[in-house]
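Residue numbers (full-length UniProt numbering): 1 to 113.
Even for Gly, the Cβ is constructed at its ideal location relative to N, Cα and C.
Below you'll find the structure, written out as structure tokens, and then a few comments.
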């Protein structure tokens, strides 16, 4: 078992309809995810289906030492910074093998026609 940080993304308080702000924020959101994966700080990211709690997606963070450090990392996400997304963070105990998920995913996608 290993300690990870589970982030539940939820709809934020910014309800703008400005397409430029929305598009730029979510483009930056995706770029930030890729950066964190490349830095070894994020091992899972993905959206959630429609639900009554306004939950939008999850992250599982790795190589993080505290909830405070996770919060600092999340502040670098433009969709969070603009208030389009908000989050809850939980310390989560999971399989120490979970970080192997990404290398295997990359291999599977390379095999897909």
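Between residue 78 and residue 39, the CB-CB gap reaches or exceeds 8 Å.
Of all alpha-carbon atoms in 2, 68, 32, 51, the one lying nearest the alpha-carbon of residue 76 is that of 32.
Under the three-state reduction of DSSP output, residue 10 falls in the strand class.
Look at residue 75 here: in three-state DSSP terms it is coil, with no helix or strand label. In summary, residue 80 is buried, with 16 or more beta-carbon neighbours lying within 10 Å of its beta-carbon over all protein chains present. As computed with DSSP, residue 86 is found in a beta bridge with 10. With fewer than 16 other Cβ atoms inside 10 Å of its own Cβ, residue 27 counts as exposed.
Distances from the alpha-carbon of residue 69 to those of 12, 90, 18, 105 put 90 closest. Apart from sequence neighbours up to five positions away, the residues of its chain that approach residue 73 with a beta-carbon distance below 8 Å are 36, 41, 61, 64, ordered along the chain.
For residue 44, the pairing in a beta bridge is given by DSSP as 60.
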